[in-house]
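Protein chains: 2
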Amino acid sequence: MSRVTSADVARESGVSRTTVSYVLNARADVVLTEATRQRVLETAARLGYTPSAPARALRSGRSDLVLCVLPDWTIGPAIDTLLDHLTTALAEHGLSVLVHIRRGARPLSDLWRAVTPCAVLGLLPFGEQDARAMRQAGIPVVGAALDEDPQPDVFAVPQASIGGLQADHLVSRGRRVLAYAAPHDDRVAAFADRRLAGVRAACERHGLPEPLVTAVDLDVASAADAVRGWHAGGVTGVAAYNDEVALAVLAGVRAAGLDVPGDVAVIGVDDIPAARVAAPALTTVWQAIDAQAAYLATALLAALGLADAPPERPDDVFHVVPRAST
Amino acid sequence: MSRVTSADVARESGVSRTTVSYVLNARADVVLTEATRQRVLETAARLGYTPSAPARALRSGRSDLVLCVLPDWTIGPAIDTLLDHLTTALAEHGLSVLVHIRRGARPLSDLWRAVTPCAVLGLLPFGEQDARAMRQAGIPVVGAALDEDPQPDVFAVPQASIGGLQADHLVSRGRRVLAYAAPHDDRVAAFADRRLAGVRAACERHGLPEPLVTAVDLDVASAADAVRGWHAGGVTGVAAYNDEVALAVLAGVRAAGLDVPGDVAVIGVDDIPAARVAAPALTTVWQAIDAQAAYLATALLAALGLADAPPERPDDVFHVVPRAST
DNA sequence: CTGAAAGCGCTTACAG
DNA sequence: CTGAAAGCGCTTACAG
Numbered sequence: 001m002s003r004v005t006s007a008d009v010a011r012e013s014g015v016s017r018t019t020v021s022y023v024l025n026a027r028a029d030v031v032l033t034e035a036t037r038q039r040v041l042e043t044a045a046r047l048g049y050t051p052s053a054p055a056r057a058l059r060s061g062r063s064d065l066v067l068c069v070l071p072d073w074t075i076g077p078a079i080d081t082l083l084d085h086l087t088t089a090l091a092e093h094g095l096s097v098l099v100h101i102r103r104g105a106r107p108l109s110d111l112w113r114a115v116t117p118c119a120v121l122g123l124l125p126f127g128e129q130d131a132r133a134m135r136q137a138g139i140p141v142v143g144a145a146l147d148e149d150p151q152p153d154v155f156a157v158p159q160a161s162i163g164g165l166q167a168d169h170l171v172s173r174g175r176r177v178l179a180y181a182a183p184h185d186d187r188v189a190a191f192a193d194r195r196l197a198g199v200r201a202a203c204e205r206h207g208l209p210e211p212l213v214t215a216v217d218l219d220v221a222s223a224a225d226a227v228r229g230w231h232a233g234g235v236t237g238v239a240a241y242n243d244e245v246a247l248a249v250l251a252g253v254r255a256a257g258l259d260v261p262g263d264v265a266v267i268g269v270d271d272i273p274a275a276r277v278a279a280p281a282l283t284t285v286w287q288a289i290d291a292q293a294a295y296l297a298t299a300l301l302a303a304l305g306l307a308d309a310p311p312e313r314p315d316d317v318f319h320v321v322p323r324a325s326t
Numbered sequence: 001m002s003r004v005t006s007a008d009v010a011r012e013s014g015v016s017r018t019t020v021s022y023v024l025n026a027r028a029d030v031v032l033t034e035a036t037r038q039r040v041l042e043t044a045a046r047l048g049y050t051p052s053a054p055a056r057a058l059r060s061g062r063s064d065l066v067l068c069v070l071p072d073w074t075i076g077p078a079i080d081t082l083l084d085h086l087t088t089a090l091a092e093h094g095l096s097v098l099v100h101i102r103r104g105a106r107p108l109s110d111l112w113r114a115v116t117p118c119a120v121l122g123l124l125p126f127g128e129q130d131a132r133a134m135r136q137a138g139i140p141v142v143g144a145a146l147d148e149d150p151q152p153d154v155f156a157v158p159q160a161s162i163g164g165l166q167a168d169h170l171v172s173r174g175r176r177v178l179a180y181a182a183p184h185d186d187r188v189a190a191f192a193d194r195r196l197a198g199v200r201a202a203c204e205r206h207g208l209p210e211p212l213v214t215a216v217d218l219d220v221a222s223a224a225d226a227v228r229g230w231h232a233g234g235v236t237g238v239a240a241y242n243d244e245v246a247l248a249v250l251a252g253v254r255a256a257g258l259d260v261p262g263d264v265a266v267i268g269v270d271d272i273p274a275a276r277v278a279a280p281a282l283t284t285v286w287q288a289i290d291a292q293a294a295y296l297a298t299a300l301l302a303a304l305g306l307a308d309a310p311p312e313r314p315d316d317v318f319h320v321v322p323r324a325s326t
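Residue numbers (full-length UniProt numbering), protein chains in the order written: chain A, 1 to 326; chain B, 1 to 326.
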């Protein structure tokens with residue numbers, strides 16, 4: 001049982017491969033008799049014909065694969081949701097998602113040259129050199145990035161604003177001395193630093209002292225140490241890098257014999273399922289992953305000339321979900 | 001700046017494309033002068049030559065893409081880790097991972113026929129028809145599946161054993177009336193049912209009554225309702241589908257004014273970061289995702305004749321991590 | 001309105 | 001030891 005080709009469909013339909021190609025690609029500029037069209041379509045379906053992706057790619061110099069480059073750290077549930085949405089949205093246009101997890105400093109160029117994707121979606125900042133080379137080769141590059149990326153076609157979630165939102169919320173709860181619970185994982189440092197910058201800026205804006213910054217491991221002992229340090233420094237509000245760190249801080253506060261939010265208020269980022277059922281329920285920053293995914297998908301389709309409409313930047317990208325911990 | 005082809009390398013090196021192909025594919029059965037070999041290698045590097053994946057795929061009828069089929073629900077952090085490991089392990093052999101998230105009942109056949117992957121990795125059970133068609137087309141199919149899959153080349157995490165482990169642990173803590181906290185999400189029903197079956201079997205083995213089964217939403221109210229029901233039924237130990245459900249149960253116990261583990265012991269599955277810092281710290285079943293990923297990668301490479309050694313089934317696939325909640 | 005022919009970039013029998 | 005030629009499956013000018 002070898003592969004069914006367009007030649008098979010042509011022979012069975014009594015037409016040439018050219019005609020088969022015209023029919024199957026629904027070329028509007030070519031006029032065909034309806035009878036021929038129907039016959040070819042019917043034969044293709046009956047034979048279970050699927051065009052060979054490699055052959056099309058070789059012919060056109062462009063595959064129908066979208067190369068999706070991920071950072072080598074896990075963003076958590078967000079990345080799952082994002083990929084899920086992207087895969088679905090792109091599949092509707094016949095595009096498949098090829099996931100590449102970026103490891104070490106191995107150059108991206110080998111991969112994209114080999115795969116000849118029709119577009120590249122970066123969920124992390126590329127090296128400038130890689131991006132330029134891809135654009136030169138005519139491959140649209142769309143990406144999510146950190147806030148100060150200068151590319152106009154890059155959708156950046158303003159990480160600093162997330163920190164600002166956290167700080168503003170703590171201030172609205174009457175907290176005047178803040179701390180930042182940083183992650184210990186260096187791989188997320190780029191994100192953590194920008195969120196911290198947002199907290200810093202907000203403190204300055206509100207005329208508060210600089211926030212105390214402490215790295216917190218995801219265990220009770222580490223968090224309790226941090227909490228004791230902050231308490232000694234008069235801290236009454238803690239902005240955590242994400243919900244996992246925030247949950248560790250909650251545990252640290254308990255271990256230190258203090259009360260949330262009485263002694264110290266805590267706010268995270270992500271709204272993971274565990275946040276809602278924490279003790280006390282964790283206030284957090286919710287991110288509209290769906291909207292971000294939809295934006296990226298549309299931006300990508302637009303870059304390929306496949307979108308119905310240009311992408312609309314989502315406006316409510318994130319907001320505070322107030323709960324008992326603040 | 002158009003693509004660098006093997007013809008370019010041939011011309012620059014003063015040899016034929018045949019020779020270039022022989023050198024670059026390091027064919028052991030062909031003897032070439034070392035000088036020629038070096039010259040070709042050097043030219044290829046200087047020109048930045050990358051063989052066209054589509055062209056190779058068209059020629060050989062097989063791409064270097066591994067199609068990885070995921071279920072349409074998110075398994076959580078486990079899937080991230082798994083993909084991460086797989087991508088890395090396969091990249092060492094020049095293989096790329098193409099992720100496909102299964103949606104609805106759309107047939108898999110279109111995708112694999114179009115992509116012509118060199119292998120398919122299923123992280124969910126396939127339809128028997130799809131699997132047979134792929135095997136007939138000569139595409140190795142490797143997969144993780146639920147426990148009672150009959151295929152010998154399928155690596156199945158025995159889901160029922162996870163439930164059994166949970167129940168055994170609760171019994172070892174002196175609990176004689178158990179409940180099962182099931183997820184509300186139908187998409188994970190296949191997993192949940194098998195884990196529950198394991199709990200049931202363990203209860204029978206220990207001469208305990210049938211476990212009470214209640215679906216628990218990931219919020220306090222739903223969990224509190226469930227807890228009150230169980231308490232009225234004399235339940236003293238709860239096995240939860242996963243850690244997220246278990247954390248909800250902890251919150252429900254608190255809301256119901258009861259004590260963990262005094263009144264009721266709780267055990268989850270996954271060991272997510274939040275489990276360790278929960279109040280009280282959550283006992284859970286740890287799964288060796290790394291080992292599973294390594295096994296799958298090796299099994300896949302073996303099926304392709306690329307592995308150094310046949311895969312060794314990991315033995316410690318999971319074990320209980322005892323903490324304060326039991 | 002439809003077909004014969006070329007060519008995308010690669011590898012591999014087959015000759016020299 | 002190396003080269004000329006064919007062919008993987010597709011699409012698209014170019015002729016009829």
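Every residue gets a Cβ at the ideal spot worked out from N, C-alpha and C, and that includes glycine. Computed from a predicted structure; not experimentally measured.
* Asked: So, is residue 237/B buried or exposed, given that buried needs 16 or more other C-beta atoms within 10 angstroms?
  -> Taking the first residue of the second sequence as position 1, residue 237/B is located at position 237. Buried is the call here.
* Where are the beta strand (DSSP E) runs, 3 residues long or more, that stay fully inside the stretch 268 to 313 of chain A, in chain order? -> 283 to 287
* To do: Would you identify the three-state DSSP class for residue 79/A, choosing helix, strand or coil?
  => Counting from 1 along the first sequence, the entry for residue 79/A is found at position 79. It is helical.
* Asked: Does the beta-carbon distance from residue 53/A to residue 116/B come in below 8 Å?
  -> Translated into the one-based positions of the first sequence, residue 53/A becomes position 53. Translated into the one-based positions of the second sequence, residue 116/B becomes position 116. Yes; because the gap between Cβ atoms is below 8 Å, this pair is in contact.
* **residue 249/B versus residue 210/B: straight-line alpha-carbon distance, rounded** => By 1-based counting over the second sequence, the position of residue 249/B is 249. By 1-based counting over the second sequence, the position of residue 210/B is 210. Each residue's Cα considered, the two are about 20 Å apart.
* **In chain order, each alpha helix (DSSP H) run of at least 4 residues that lies wholly inside the stretch 1 to 61 of chain A** => 6 to 13, 17 to 24, 34 to 47 and 53 to 60
* **Expected contact under 8 Å - CB spacing of residue 180/B and residue 220/B to nearest Å** => As a working mapping, residue 180/B is identified with position 180 in the second sequence. As a working mapping, residue 220/B is identified with position 220 in the second sequence. Not confirmed; about 19 Å, so no contact.
* **Members of the stretch 82 to 102 of chain B near chain A, C-beta cut-off 8 Å** => 83, 84, 87, 88, 91, 96, 97, 98, 99, 100 and 101
* residue 350/B lies in the alpha helix (DSSP H); which residues open and close that run? -> Any property of residue 350/B remains undetermined from this structure, which presents chain B solely from 1 to 326.
* Pair every Cβ in the stretch 159 to 177 of chain B with every Cβ in the stretch 188 to 201 of chain B, then say whether three or more of these pairs are closer than 8 Å. => yes
* Asked: Any C-beta of chain A sitting closer than 8 Å to the C-beta of residue 300/B?
  -> Counting from 1 along the second sequence, the entry for residue 300/B is found at position 300. Residue 300/B does not count as touching chain A.
* Asked: Would you say residue 139/A and residue 119/A are within 8 Å of each other, going by their C-beta atoms?
  -> Counted from its first residue, the first sequence places residue 139/A at position 139. Counted from its first residue, the first sequence places residue 119/A at position 119. In contact: residue 139/A and residue 119/A (Cβ atoms closer than 8 Å).
* Pick from 61/A, 57/A, 16/A and 28/A: whose alpha carbon is nearest that of residue 39/A? -> Against the first sequence, residue 39/A aligns to sequence position 39. For the residues 61/A, 57/A, 16/A and 28/A, the minimum Cα distance to residue 39/A belongs to 16/A.
* Enumerate in chain order the residues of its own chain whose CB-to-CB distance from residue 134/B is below 7 Å, with the five nearest sequence positions on each side excluded. => In the second sequence, counting from the first residue as 1, residue 134/B sits at position 134. The residues are 112, 120 and 141.
* Under 7 Å by beta carbon: chain B residues contacting residue 54/A -> Walking along the first sequence from the start, residue 54/A turns up at place 54. Chain B residues near residue 54/A: 54, 57, 58, 63 and 116.
* **Complete alpha helix (DSSP H) runs within the stretch 88 to 124 of chain A (minimum length 4 residues, chain order)** => 109 to 115
* Cα-Cα, which of 262/A, 204/A and 285/A is closest to residue 273/A? -> Along the first sequence, read from residue 1 onward, the residue named residue 273/A stands at position 273. Cα-wise, what sits closest to residue 273/A is 285/A.
* Taking residue 108/B as the reference, which of 78/B, 71/B and 258/B has the closest Cα? -> As a working note, residue 108/B is residue 108 in the second sequence. Comparing Cα positions, the closest option is 71/B.
* **Distance CB(residue 93/A)-CB(residue 301/A) smaller than 8 Å** => Start at 1 with the first residue of the first sequence, and residue 93/A comes out as number 93. Start at 1 with the first residue of the first sequence, and residue 301/A comes out as number 301. Against a cut-off of 8 Å, the Cβ pair of residue 301/A and residue 93/A comes out as a contact.
* Asked: Using the beta-carbon of each residue, which ones in chain A are nearer than 9 Å to residue 214/B?
  -> Residue mapping note: residue 214/B aligns to position 214 of the second sequence, counting from 1. The contacting residues do not exist; residue 214/B stays about 16 Å from chain A at best.
* Using a beta-carbon distance below 8 Å, is residue 277/B in contact with chain A? -> Stepping through the second sequence from its first residue, residue 277/B is reached at position 277. Taking Cβ atoms only, chain A reaches closer than 8 Å to residue 277/B, which makes this a yes.
* **Residues sharing a beta bridge with residue 70/B, DSSP** => Within the second sequence, numbered from 1, the residue matching residue 70/B stands at position 70. Looking at the DSSP assignment, residue 70/B forms a beta bridge with 101/B.
* To do: Taking only beta-carbon positions, decide if residue 46/A is within less than 8 Å of chain B.
  => Counting from one through the first sequence, the residue named residue 46/A turns up at place 46. Closer than 8 Å: no.
* Asked: Cβ of residue 196/A less than 8 Å from any chain B Cβ?
  -> As a working mapping, residue 196/A is identified with position 196 in the first sequence. With 8 Å as the cut-off, residue 196/A does not count as an interface residue toward chain B.
* Inter-residue Cα distance where the pair is residue 299/B and residue 65/B -> Counting from one through the second sequence, the residue named residue 299/B turns up at place 299. Counting from one through the second sequence, the residue named residue 65/B turns up at place 65. Roughly 16 Å between the two C-alpha positions.
* To do: Compare the Cα-Cα distances from residue 318/B to each of 324/B, 239/B and 290/B and report the closest residue.
  => Taking the second sequence and counting its residues from 1, the one referred to as residue 318/B is at position 318. Residue 318/B has its Cα closest to that of 290/B, out of 324/B, 239/B and 290/B.
* Could you name the residues of chain B that residue 254/A contacts, counting a contact when the two beta carbons are closer than 8 Å? => Sequence index remark: in the first sequence, residue 254/A carries index 254 (1-based). By Cβ distance, chain B contributes 279.
* **Cβ-Cβ distance between residue 235/A and residue 178/A below 8 Å** => Counting from one through the first sequence, the residue named residue 235/A turns up at place 235. Counting from one through the first sequence, the residue named residue 178/A turns up at place 178. Against a cut-off of 8 Å, the Cβ pair of residue 178/A and residue 235/A comes out as a contact.
* Thinking C-alpha only, which one of 50/A, 316/A and 217/A is nearest residue 242/A? -> Locating residue 242/A in the first sequence gives position 242, where the first residue counts as 1. When only C-alpha atoms are compared, the closest one is 217/A.
* Asked: Can you tell me whether DSSP reads residue 86/A as helix, strand or coil?
  -> Looking up residue 86/A in the first sequence gives position 86. Here residue 86/A sits in helix by DSSP.
* If you scan the stretch 198 to 268 of chain B from start to end, which runs of the alpha helix (DSSP H) of 4 or more residues do you find wholly inside it? -> 220 to 232 and 243 to 255
* Counting along the chain, where does the beta strand (DSSP E) carrying residue 181/A start and finish? -> Taking the first residue of the first sequence as position 1, residue 181/A is located at position 181. First-last of the beta strand (DSSP E) with residue 181/A: 178 to 182.
* Beta-carbon of residue 251/A versus every beta-carbon of chain B: anything under 8 Å? -> Locating residue 251/A in the first sequence gives position 251, where the first residue counts as 1. Closer than 8 Å: yes.
* Leaving out five residues before and five after residue 228/A in sequence, what residues of the same chain have Cβ atoms less than 7 Å from its Cβ? -> Taking the first residue of the first sequence as 1, we reach residue 228/A at position 228. So the list reads 256, once near-sequence residues are dropped.
* Nearest to residue 233/B by alpha carbon, out of 263/B, 244/B, 136/B and 247/B? -> Taking the first residue of the second sequence as position 1, residue 233/B is located at position 233. Selected option, being the one with the closest Cα: 263/B.
* Check each candidate in 30/B, 43/B and 2/B and name the one with the smallest Cα separation from residue 12/B. => Taking the first residue of the second sequence as 1, we reach residue 12/B at position 12. Nearest option by C-alpha distance: 43/B.
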